[in-house]
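Residue numbers (the UniProt record's numbering), protein chains in the order written: chain F, 1 to 158; chain L, 1 to 158.
Just so it is clear, CB atoms sit at the ideal spot from N, CA and C, and this is done for glycine as well.
None of these values were measured; they are calculated from a predicted model.
2 protein chains.
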Amino acid sequence: MASKSSRGPIDLPGFFADLVRCETRLYNALNDRLRERHGIVTSQFEFLRFLRDHPGSRVADLATEFAIGIGATSKGIDRLERQAWVTRRTNPSDRRSSLLDLTAEGLQLVEAAEATFTTTLAELIADVLGGPSGPAAVQVFSELRSVLERDQVGLPTG
Amino acid sequence: MASKSSRGPIDLPGFFADLVRCETRLYNALNDRLRERHGIVTSQFEFLRFLRDHPGSRVADLATEFAIGIGATSKGIDRLERQAWVTRRTNPSDRRSSLLDLTAEGLQLVEAAEATFTTTLAELIADVLGGPSGPAAVQVFSELRSVLERDQVGLPTG
DNA sequence: TTACGATATATGCCATGGCATCTAAGTCAA
DNA sequence: TTGACTTAGATGCCATGGCATATATCGTAA
C-alpha cells in the first residue's frame, strides 16, 4: 500500500479523527493492563503520578491539570482516599481547601504502576514514535498543549 | 522561554500526557461549540458524519470505528433515532442487525455541524499544525492509527 | 426438520464525569 | 465587627460508557 503523503494544506478534521481514535485505543489498552496488574485505571494512575510529582496539591490543581471538573476531581480523590493511597490534610493557610499527598502505599503503587504504564506504552507506540517523524510529533503536541493551556481552552465549568 | 528540544530517546509517557491533555481540551471546546450551535456533542457529530460517509452501516461497524462497546453504540444510535436524525431498517440479508442511514434532517444537521466543527478546529490547532512539524505529526498519527487498528488494540468487550 | 453453538444487538446495572447547588471559609470595605 | 461578595470543594442529579446478560436470528450438522 502506498503511503498517503498529501502535499496540500493539512486535513485538520482527518488529523483530529486519527488523534481521537489513537487516544481512545491507547487509553483502553492501558486501562486493561493497569487494571489487571494493579487494580487501577489510567485516570487513577495519572492522579497518583501527579500527586507524587506535585505533593501538597489541591483539588483545583488537579482539575486544571487534567481539564476536568472540580466535582469530578473531588470524587476521584474520594476514591483514592478510600483506598488509603491519598490523604487530605487541611490547608493551614486556607481552611476551605485540603492539601493532598500520597501515602506510603500510594507511592509504592504508583511506582509499580508506572513501570507497567511505561512498558505497555512502549509496546504500543515506540515503533511509530521512534520513526523519523516522531520528534516532530512530540514537538507539535508539546507546543499545542502549551497554547491550549495558555488560552484556557476546553476547561469544564464545575 | 527557550524551547525544550531534547536530543535523547523520546519521553513516551510525557508525549502521551501531552496527547491526552490536548485531546481532552479540544474535545471539550468542540463540545461547547457544537452544543450551543447545533444541540449535539462531538461524539454525536462523529456518529452522524460516519453515517453520512458510510450509509447502510451496522451498529458493529460504528463500534469498531470508534473503539467503543456495542452496547454504548446501540444506545447512541437510539438517541439519534429518537431525534429523527438516523433510521434503522432491518438488514434484508441478516435480520439480527439493522442498516443505519441518515434522514434528510440528519444530513442537513451534519453538514451544518461540520462547518462549525471545521472552523472551530482550525481556530484551535491550525497555527500549530501549520508549522514546520505539522505534516510529520499528521503522518505519525495516520500511521499509529493504522497499526493500532491492524492489531486491534484497545477494543472494548461489549 | 431439529438441535446446538455462534452472532448482532438490545437492555440492565454500575461507575464516572458534567453541571448546579450548597456550605464553609476567606476578603474587603464601611 | 459586620455584611456582601468571592472562592474551594463537597454533594446531588443526570447523561453516558463498560460489561454482563437476554433475545432474536443465523449457520450447520445430524
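Bounds of any alpha helix (DSSP H) do not take in F/T90; it lies within the beta strand (DSSP E) bounded by 86 to 90.
Assignment of L/S57 by DSSP, reduced to helix, strand and coil, places it in the strand class. Three or more beta-carbon pairs separated by less than 8 Å link the segment 7 to 22 of chain L to the segment 124 to 136 of chain F, which places the two stretches in contact. If you draw a straight line from the Cα of F/G106 to the Cα of L/V140, it is about 35 Å long. When L/R35, L/A115, L/A60 are compared, the shortest CA-CA separation from L/N91 is found for L/A60.
At least one beta carbon of chain F lies nearer than 8 Å to the beta carbon of L/F16. Under the DSSP assignment, F/L155 falls outside any alpha helix (DSSP H); it carries neither an H nor an E label. Taking C-beta separations shorter than 8 Å and ignoring five residues to either side along the sequence, the partners of L/I40 in its chain run L34, L48, L109, A113, following chain order. As summarised for the UniProt domain "HTH marR-type" (12 to 149) of chain L, the continuous beta strand (DSSP E) elements at least 3 residues long and confined to that stretch are 86 to 90, 98 to 102, given in chain order. Three or more Cβ pairs closer than 8 Å define a contact, and the segment 69 to 76 of chain L falls short of that threshold against the segment 117 to 130 of chain L.
Chain L places a beta carbon closer than 8 Å to that of F/Q139, counting this residue as a contact.
The criterion of a C-beta distance shorter than 8 Å is satisfied by L/L99 and L/R58. About 19 Å separates the Cβ atoms of F/A17 and F/L124, ruling out a contact at the 8 Å cut-off. Here the alpha carbon of F/Y27 sits roughly 9 Å from the alpha carbon of F/S43. Contacts between L/P156 and chain F, judged by CB atoms closer than 9 Å, involve N28 in chain order.
By the rule that beta-carbons nearer than 8 Å mark a contact, L/A115 does not touch chain F.
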